[in-house]
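In my numbering, the protein residues as written are 15 to 247.
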């Protein structure tokens, strides 16, 4: 179990509410695109770095809940991992929330097994969330964005609408149909990502945003990556 203390940003209210969520079940959804051509491009993007084609789309991977973190620095093994900006669904006793996170993934391990690669790295999430009911009426207007930094450059890494991925309600329904998992209180799900604007690449830090142009607000989070040395036998 992972205990999260999050700030709920509410429309037209200057002060956030505080919610404590106990996450027991963490799910990472992959290949969730609405546009099948875009999904194919992302599959080919990953095939180029050695990742096998999925047996079906979307895919749902179970990950231990302790991979979730609110920290702004994460430790990874070596320099073979990259982040992916995603909207995140979290279900608490008081309802459904929308958050922002990075499905940070070990790409070297991914070539051997996707489930293993999802488990290895921490999954950073922003400390603020929105209530689903506040954004559901204009969901298709929301935008995702990620900027990465290295020692020598800053690059727009990912950008696009949430409509690139399946609607949250569709994802919850497909999870129940294909995997017989109920998305109830204590559940969290990373919901898929956008293709990189150039190529999948290592970065020292990530600045990610989920932008709501209708209510004129955004969720944002920056995290740095600290590579741990790999000791050779």
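All residues carry an ideal CB built from backbone N, CA and C; glycine is no exception.
Separation of residue 151 from residue 125, as counted between CA atoms: In a straight line, the C-alpha of residue 125 is about 39 Å away from that of residue 151.
With DSSP as the reference, please indicate the residues paired to residue 144 in a beta bridge. 23 and 112
Alpha helix (DSSP H) runs contained entirely in the segment 216-243, provided each spans 4 or more residues: The alpha helix (DSSP H) runs lying completely inside the segment 216-243 and spanning 4 residues or more number zero.
Taking the beta strand (DSSP E) that residue 11 falls in, what are its first and last residues? Nothing in the structure corresponds to residue 11, since the chain is present only between 15 and 247.
Distance, residue 28 Cα to residue 97 Cα: 31 Å
Please confirm whether residue 102 and residue 238 have their CB atoms less than 9 Å apart. no
What would DSSP say about residue 48, mapped onto helix, strand or coil? coil
The segment 217-234 / the segment 64-82 touching (three or more Cβ pairs under 8 Å): no
On the three-state DSSP scale, how would you describe residue 173? strand
Considering only the beta carbon of each residue, do residue 75 and residue 32 sit closer than 9 Å? no
Check whether the Cβ atoms of residue 208 and residue 158 sit closer than 9 Å, and answer yes or no. yes
Taking DSSP as the reference, what is the three-state secondary structure of residue 213? coil
Count the C-beta pairs between the segment 37-55 and the segment 191-203 that are closer than 8 Å, then say yes if the count reaches three, no if not. yes
For the ligand MG, is there a heavy atom less than 8 Å away from the beta-carbon of residue 28? Looking at this structure, you won't find the ligand MG or any other ligand, since it has none at all.
If you count every other CB in all the chains shown that lies within 10 Å of the CB of residue 81, and 16 or more means buried, which is it? Around the C-beta of residue 81, 16 or more other C-beta atoms lie within 10 Å, and the residue is accordingly described as buried.
Here's the rule: buried if 16 or more other CB atoms are within 10 angstroms of the residue's CB, otherwise exposed. What is residue 62? exposed
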